[in-house]
Each structure stands twice: as structure tokens, then as C-alpha cells.
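*Asks:* Provided herewith is a single structure, encoded as C-alpha cells, for subsequent inquiry.
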Amino acid sequence: MHDFTVVVGVKQVPDADEVGLDPDTGRLDRASAPAVMNPPDRCALEAALSLKDAHAARVIAVTMGPPMATPVLREAVAMGCDDGVLITDRAFAGSDTWPTSLTLARVAEHLDADVVLCGEETTDSSTGQVPPGIAAHNGWAQLTYVEALDLRPEEGRVVAHRDVEGGYEVVAADLPVVVAVAFGSFEPRPAGLHRKLFAETEFDPRELSAADLGIEEEVGLAVSPTSVGGMETVQPVDRQGEVVDEVDDLLGPIREAVA
Amino acid sequence: MTEIDPDEYEGVWVFVEEHAGEVMPVSWELLAEGRKLTETTGQELVALVIGEDCEAVAEAALAHGADRVLVADDPVFEPYRADPYGAQFRAMVEERKPSIVLIGGTHTGRDFAGRVAVPTHAGLTADVTEIDVDEAGILQARRPAFGGDVLATILCEDHRPQMATIRPGVFEAAEPDPDRTGEVERVEVVVAEDETMSEVLERVVGDRADITEAERIVAVGAGVEGDLEPARALAAALDADLAATRAAVDEGWIDGSRQVGQTGKTVRPELYVAVGVSGAIQHVEGMNKSGVVLAINTDPNAPIFEHADYGIVGDHAEVCHELADRLSGETPELIA
Ligand SMILES: Cc1cc2nc3c(=O)[nH]c(=O)nc-3n(C[C@H](O)[C@H](O)[C@H](O)COP(=O)(O)OP(=O)(O)OC[C@H]3O[C@@H](n4cnc5c(N)ncnc54)[C@H](O)[C@@H]3O)c2cc1C
Chain Z
0 MHDFTVVVGV KQVPDADEVG LDPDTGRLDR ASAPAVMNPP DRCALEAALS LKDAHAARVI
60 AVTMGPPMAT PVLREAVAMG CDDGVLITDR AFAGSDTWPT SLTLARVAEH LDADVVLCGE
120 ETTDSSTGQV PPGIAAHNGW AQLTYVEALD LRPEEGRVVA HRDVEGGYEV VAADLPVVVA
180 VAFGSFEPRP AGLHRKLFAE TEFDPRELSA ADLGIEEEVG LAVSPTSVGG METVQPVDRQ
240 GEVVDEVDDL LGPIREAVA
Chain H
0 MTEIDPDEYE GVWVFVEEHA GEVMPVSWEL LAEGRKLTET TGQELVALVI GEDCEAVAEA
60 ALAHGADRVL VADDPVFEPY RADPYGAQFR AMVEERKPSI VLIGGTHTGR DFAGRVAVPT
120 HAGLTADVTE IDVDEAGILQ ARRPAFGGDV LATILCEDHR PQMATIRPGV FEAAEPDPDR
180 TGEVERVEVV VAEDETMSEV LERVVGDRAD ITEAERIVAV GAGVEGDLEP ARALAAALDA
240 DLAATRAAVD EGWIDGSRQV GQTGKTVRPE LYVAVGVSGA IQHVEGMNKS GVVLAINTDP
300 NAPIFEHADY GIVGDHAEVC HELADRLSGE TPELIA
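Those sequence lines, one after another, are chains Z and H. Numbering that gives the first Met the number 0 puts the first residue of the first sequence at 0, with every later residue one more than the last. Numbering that gives the first Met the number 0 puts the first residue of the second sequence at 0, with every later residue one more than the last.
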């Protein structure tokens, strides 16, 4: 039925607008912030679903995380994805971007992906390294900062508009390909009522473990090249925060600033 | 798992990013910062140039502080593509074993860095804003985390190279010294066109402004609703450069090279005027090193007022025009 399989990576992150400081420790309290889908991933989902609209592609959302992350898959299915896969295993704990992208690379192979779509980066770790990492692990082509995407089945490749400093480029890349979508492109569609009901009442994600992917020894803390050596709270920059009534009141500060 | 001997790895490499002969300014910022690292480690500072016909760029890299320049010169590298760049860079890393590799955190740098780090199993830290090296040669790469409230130090102790992409604009470039000499070495090109997986059909690059050096900035946000004229008038009166939030860039009102913030540039002008900007943390991260910050916004509760020294609640067009009128008479004295 489906000629193409599109796999979309989505991640659950703490809602950036709701992360507060722990009053006792002065540290960021991420645990109490509600969990949401990483906003840039919604653009990736939209890009995937537009390929489904145009080419009857099968779209599968995947997420790595604990079972608690299932709501992001439900959200993806509600938006129109055909299926959702939860990649979950204690062995993944402590993974940096190297094993994370390896895992997603194996999942993409396992699901026979022609196109892997990802958000530009996550709002919690904001490295943007996972999409190129997936491509590198599989030796596939990649396109990042993509603003428009066209699948050309007859050519066996995709053609994309990439945002580059000072302009854009139009690039063709061979399938299979990993595409990271520029945040702000691909306005995400709302979930349809029917689909939403299905996602909430009937949908259960498929689960895959490290063993299912044959990578038990290649994930987790032990194979992660990077580690966190320390965290310092950054002193917020001290600003006057003075709101003036008249435009004329701004002239003094401007003169002083540029003196 | 790959076991390596870190002691076999030596030297600091800086990637010099060029497109059709034009060098991205972050490359020179990294050479200046790389110089400081080699002063601690006593090792060589090597610049890496990948492109076509890049003799002039290689010479410029020497002038900007490199001890040696490695050049991979071939038509396959122009215009830029991730797969040939990644393959070439990887081959050079595997052959020559650098300890530290610094790459500008541009779209290009962030695009191909993983194609080097993944196959070499290197540690790659993204979006770094401070670097240091200890006596043992371990790179301390610091990066803002959790929306900029925390600075995390990322280490890569057992793997090499220690790679980092560095946010443009956070370090200062050194004045080039045309009398500096060093070795320019052309390396073997390991990529052939028929092995590539991608093809650039068109590349359109216009405004590639460098706002990181600007002394004064007027930044527009979504609140100007496409009407840039008032902000331009204010910028003219202040002799300031125009910048923008990502929202304004995404609308297509202004080019992405003028975007300030986490995924744009870091700026540090003496005066930053935020016009119709809400003050999202991803934007504030790029401008909080500014001297004095002014904010113009219709919403008295906009977060930008907490990140500003002075604010005024009002419509962008009215306030900008009024300010521009008041200032235009006196700009010459302001500059003097
Ligand atoms: C991964 C990621 C990376 C990002 N990177 C960046 C980045 O590098 N830089 C960046 O800027 N953003 C970045 N963002 C986006 C950021 O989160 C905000 O969405 C963005 O900064 C908002 O832009 P804005 O302030 O122009 O728009 P809005 O948030 O829409 O604010 C518009 C403001 O204009 C005011 N306004 C409305 N009408 C008027 C008027 N007539 N006169 C005056 N004021 C008016 C409103 O009150 C409001 O405060 C990133 C987001 C993500 C998820």
C-alpha cells in the first residue's frame, strides 16, 4: 500500500515557560514543570504529514524515553501519524547524543525508513546534534534547517530549501535521508477530533528495547563520550527595569549609553 | 567500544568556514581563542580550510594566528555539502589525531560536525560560549543550559578529539598580522563527486551582515508587524544596525544573518533597543551582554521589561518616530 515510510523523532521536554527555581536550593526545578512535546518537533510532524498527504507515505512517530513519554506519541497520532513507537530501556540511561543518535539510527533501519524527520533541536538540551548523528551512524544523506521539502520518488531523492546564513539553498539528497526541519517552518496542523479520540482511547504504542535493536552494549553512559563536569547558576544580568512615561525620559539614558 | 590513547592526540584545530572565498567571521574568533588554548598546552594551532581555490583563505588563516594550515582544495567542496565535508574532515582527523577541534556554530558547522564526531566516536559539545583547557589537555567546554539560567561544563575525558561547536560572536577576533608566517599544506582529497549523496541545485546568498561587532543595535520583533520603517528611522538617527528576533526573521521581514539569540548571533553593543520584542529567553540569551537595553512594547507585562534598563509602554511606530525626531538633530554629537 505505502511506497514510503517516514519516521519522525519526537521528544518529551519540560515546558520551557514553566521551569521555575527551587526556592530552597536556588536550582532549576525541571521536575515540577509539566512535560510537553518539544515544540520544534511539531514542525517535523507537519512536514512528515505533508509527505503523507502528497505521496500516501506511512508516517511513524518514535520517541526515546520512559513509558511516561507516551503522551507525545498520542499527540503525534492525533495529528495524523499512522503509528507510534516507544523506544524504552534502562540501558539508555545516561546516553549523550552519540548513543541517542545510534539508537534512532537503528530504529530508522528497523522500520525501513525512507525519510527520517526531526525538529531542529530540543528546547531542553538544544544541541541539534541528533539528526546529523542519525545520518552519520547510518551513512545516509542529511539535510538540516529545512524550510520546504519535496519528495521526488521517481528520482529516488528529496529536494529541500535549506536556510543558510544570509540566504537559502535548494539541495537534493538521496534516499534514505535524515531531515531536520527549521523551527518556525511547517505550521503544525491541529489534531482532528476523530483522530484525537482514537489516539486517546485506542492507540497503544509499540515498544522497542535496546535488545530488540541489538544495541545493548552500545548505549548508555559507558559509550557516551561527553560528561557533565559541573553546573553553575548564571547570575542574571542586573537591569534597572525602569519603565518611563515619556519618550523624552529615554533621551538621557541613550546619551549616557553612547557617550 | 572504541578504546583510544588520549596521549596520541595533539594540537588544537580550528575549522575556517568559507563559502566561495568569503570567510565566516566566527572562524577568526575561534583562531584567536584557539591561540589562548595552545598557549596553555604548548601545542600547535592548526587551521583547516575546505573549499575550492582557497589559497587566499589559507594565507588569511596564518595572518589570524594559525601555525599551520591544512587545505583540502577541490571542486567537490564548493558549494558546501555535509557529506563531502564530513568525509574529508573525518579522514584528516583519523590520520592526524588532533586533541581539540573547534568549529563555528553556524548552520554549516552544526550541520557537518556530527559527521566527524560520530564515526570517530569523538565528544561533541554544542553551542559553547566559554572554553578553557587544563594542564592535562582536557577541554572545559561551557554552554548555557536550561534556557540560559545555568552554565554547564561539558568534558570529554576518554575520547578524542574533543570537539565543540562555538556560538558566533562570543569571542573576539584578533587583528590580522600579514607578516605572520607558517606552513600551508595541501592534503589529499579523499572524496569523489560520484560518491556524494547530495547535490546543491541553487544557492542564493544576499545580506550576510555581521551584527556581532555593532556598537548600537535596534532590534525588531513580531510586534512591528512587518512595518520596519519606524525602527529603521530610529536606527538611522542612532547610527545603529538593525537586528531582529527569530519571529521577525521567520516572517521574512529581515534576513536571518541579523537574528539575535540562541540560534542566531550573540551581540554586545553599548546600546540595544528592543522594538516589539517579547523577551523570550532564547532571544535574551543573545543580547544580555549589551550595555544599556531599552524596550518599546505595547504590553506592560512583556518579559522584555525585566531584561531592560529602561522601557516605555507604547506603539513601536509612535515611539520610534518620536525618538528618531528628538535624536536626529543631535546624532553628530552623540557619535563624537
Ligand atoms: C529551539 C529554539 C530556538 C530559538 N532561537 C531563537 C533565537 O535565536 N532568537 C530569537 O529571537 N528567538 C528564538 N526562538 C524563538 C523564541 O522562543 C520566541 O518565539 C521569539 O523570540 C519571539 O519573537 P518576538 O519577541 O519577535 O515575538 P512575540 O513573542 O510574538 O512578541 C511580540 C511582542 O511585540 C509586542 N507588540 C505587539 N504589537 C506591538 C506594537 N504595535 N508596538 C510595540 N510592541 C508591540 C507584543 O506585546 C509582544 O511582546 C527560539 C525558539 C526555539 C524553540
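No residue lacks a Cβ here, since even glycine has one placed at the ideal position from N, Cα and C.
Answer with buried or exposed for residue 234 (chain Z), where buried requires no fewer than 16 other C-beta atoms within 10 angstroms of its C-beta.
*Replies:* Taking the first sequence and counting its residues from 1, one reaches residue 234 (chain Z) at position 235. Exposed, since its Cβ has fewer than 16 Cβ neighbours within 10 Å.
*Asks:* Per DSSP, which residues does residue 253 (chain H) bridge with? Please list them.
*Replies:* On the second sequence, residue 253 (chain H) is found 254 positions in, with the first residue counted as 1. For residue 253 (chain H), which the question treats as bridged, DSSP gives no partner whatsoever.
*Asks:* Given a threshold of 16 other Cβ atoms within 10 Å of its Cβ, counted over all protein chains shown, does residue 66 (chain Z) qualify as buried or as exposed?
*Replies:* As a working note, residue 66 (chain Z) is residue 67 in the first sequence. Label assigned to residue 66 (chain Z): exposed.
*Asks:* Starting from the beta carbon of residue 224 (chain Z), find every residue of chain H whose beta carbon is closer than 7 Å, and list them in chain order.
*Replies:* For the purposes of this step, residue 224 (chain Z) is taken as the residue at position 225 of the first sequence. Chain H residues near residue 224 (chain Z): 120, 121, 122, 155 and 158.
*Asks:* Would residue 61 (chain Z) and residue 114 (chain Z) qualify as a contact pair, given that the criterion is a beta-carbon distance under 8 Å?
*Replies:* For this step, residue 61 (chain Z) is matched to residue 62 along the first sequence. For this step, residue 114 (chain Z) is matched to residue 115 along the first sequence. At a Cβ-Cβ threshold of 8 Å, residue 61 (chain Z) and residue 114 (chain Z) do not count as neighbours.
*Asks:* Taking the straight line between their C-alpha atoms, what separation do you get for residue 184 (chain Z) and residue 147 (chain Z)?
*Replies:* Reading the first sequence from its first residue, position 185 is the one you call residue 184 (chain Z). Reading the first sequence from its first residue, position 148 is the one you call residue 147 (chain Z). Looking at the backbone, the Cα of residue 184 (chain Z) and that of residue 147 (chain Z) are separated by about 8 Å.
*Asks:* Would residue 205 (chain H) be called buried (16 or more neighbouring beta carbons within 10 Å of its own) or exposed?
*Replies:* In the second sequence, residue 205 (chain H) corresponds to position 206, counting from 1. Exposed is the call here.
*Asks:* Spatial neighbours of residue 8 (chain H) within its chain, please: CB distance less than 8 Å, with the 5 preceding and 5 following residues excluded, ordered by chain position.
*Replies:* Translated into positions along the second sequence, residue 8 (chain H) becomes position 9. These residues qualify, in order along the chain: 96, 97, 98, 159 and 160.
*Asks:* Can you look up residue 117 (chain Z) in the DSSP assignment and give me helix, strand or coil?
*Replies:* Residue mapping note: residue 117 (chain Z) aligns to position 118 of the first sequence, counting from 1. Residue state, collapsed to three classes: strand.
*Asks:* Just list the beta strand (DSSP E) runs in the region 106-183 of chain Z, keeping only unbroken ones of 3 residues or longer that don't cross its boundaries, in chain order.
*Replies:* 114-118, 140-151, 156-163, 166-173 and 176-180
*Asks:* Any idea what DSSP makes of residue 132 (chain H), helix, strand or coil?
*Replies:* Taking the second sequence and counting its residues from 1, the one referred to as residue 132 (chain H) is at position 133. Residue 132 (chain H) falls in the strand class under three-state DSSP.
*Asks:* As a quick exercise: from Z:154, Z:145 and Z:125, pick the residue whose alpha carbon is nearest that of residue 162 (chain Z).
*Replies:* Reading the first sequence from its first residue, position 163 is the one you call residue 162 (chain Z). When each option's Cα is compared against that of residue 162 (chain Z), the closest is Z:145.
*Asks:* So, residue 80 (chain Z) versus residue 44 (chain Z), is the Cβ gap smaller than 8 Å?
*Replies:* Residue 80 (chain Z) sits at position 81 when you count from the first residue of the first sequence. Residue 44 (chain Z) sits at position 45 when you count from the first residue of the first sequence. Yes, Cβ-Cβ distance for residue 80 (chain Z) and residue 44 (chain Z) is below 8 Å.
*Asks:* Quick check on this structure: which residue in H:293, H:308 and H:305 has the alpha carbon closest to the alpha carbon of residue 319 (chain H)?
*Replies:* Position 320 of the second sequence holds residue 319 (chain H). Residue 319 (chain H) has its Cα closest to that of H:293, out of H:293, H:308 and H:305.
*Asks:* Say the cut is 7 Å; is the CB of residue 222 (chain H) nearer than that to a heavy atom of ligand 1?
*Replies:* Counting from one through the second sequence, the residue named residue 222 (chain H) turns up at place 223. Yes, the beta carbon of residue 222 (chain H) sits closer than 7 Å to at least one heavy atom of ligand 1.
*Asks:* Since residue 14 (chain H) is in the beta strand (DSSP E), which residue starts that stretch and which ends it?
*Replies:* The residue you call residue 14 (chain H) lines up with position 15 of the second sequence. Residues 11-15.
*Asks:* Is the CB-CB distance between residue 142 (chain Z) and residue 156 (chain Z) below 8 Å?
*Replies:* Within the first sequence, residue 142 (chain Z) is the residue found at index 143, counting from 1. Within the first sequence, residue 156 (chain Z) is the residue found at index 157, counting from 1. Result no, Cβ atoms of residue 142 (chain Z) and residue 156 (chain Z) do not sit closer than 8 Å.
*Asks:* If you follow the beta strand (DSSP E) that residue 240 (chain H) is part of, which residue opens it and which one closes it?
*Replies:* On the second sequence, residue 240 (chain H) is found 241 positions in, with the first residue counted as 1. Note, residue 240 (chain H): beta strand (DSSP E), 240-243.
*Asks:* Can you find at least 3 beta carbon pairs, one from the region 261-280 of chain H and one from the region 210-223 of chain H, that sit closer than 8 Å?
*Replies:* yes
*Asks:* Can you pull the DSSP bridge partners for residue 13 (chain Z)?
*Replies:* Start at 1 with the first residue of the first sequence, and residue 13 (chain Z) comes out as number 14. The partner list for residue 13 (chain Z) (beta bridge, DSSP) reads Z:34.
*Asks:* From residue 295 (chain H) to residue 256 (chain H), what distance separates their C-alpha atoms?
*Replies:* Reading the second sequence from its first residue, position 296 is the one you call residue 295 (chain H). Reading the second sequence from its first residue, position 257 is the one you call residue 256 (chain H). Near 23 Å, if we compare the C-alpha coordinates of residue 256 (chain H) and residue 295 (chain H).
*Asks:* Since residue 65 (chain H) and residue 30 (chain H) are thought to touch, with beta carbons under 8 Å apart, how far apart are those beta carbons, to the nearest angstrom?
*Replies:* As a first step, residue 65 (chain H) is located in the second sequence; it is residue number 66 there, counting from the start. As a first step, residue 30 (chain H) is located in the second sequence; it is residue number 31 there, counting from the start. Yes, they are in contact, since the Cβ atoms of residue 65 (chain H) and residue 30 (chain H) sit about 6 Å apart, within 8 Å.
*Asks:* Three Cβ pairs or more, each shorter than 8 Å: is that satisfied between the region 144-154 of chain H and the region 180-195 of chain H?
*Replies:* no
*Asks:* For residue 126 (chain H), which of helix, strand or coil comes out of DSSP?
*Replies:* Here the question's residue 126 (chain H) lines up with position 127 in the second sequence. Correct three-state label for residue 126 (chain H): strand.
*Asks:* Count the other CB atoms within 10 Å of the CB of residue 324 (chain H); is the residue buried (16 or more) or exposed (fewer)?
*Replies:* The residue given as residue 324 (chain H) occupies position 325 in the second sequence. Flag for residue 324 (chain H) reads exposed.
*Asks:* Tell me which same chain residues have a C-beta within less than 8 Å of the C-beta of residue 22 (chain H), skipping the five on either side of it?
*Replies:* Locating residue 22 (chain H) in the second sequence gives position 23, where the first residue counts as 1. Closer than 8 Å at the Cβ level, and outside the excluded window around residue 22 (chain H), lie 15, 16, 56 and 59.
*Asks:* So which residues of chain H does residue 239 (chain Z) contact, with C-beta pairs closer than 7 Å?
*Replies:* Along the first sequence, one-based indexing puts residue 239 (chain Z) at 240. Correct list: 308 and 309.
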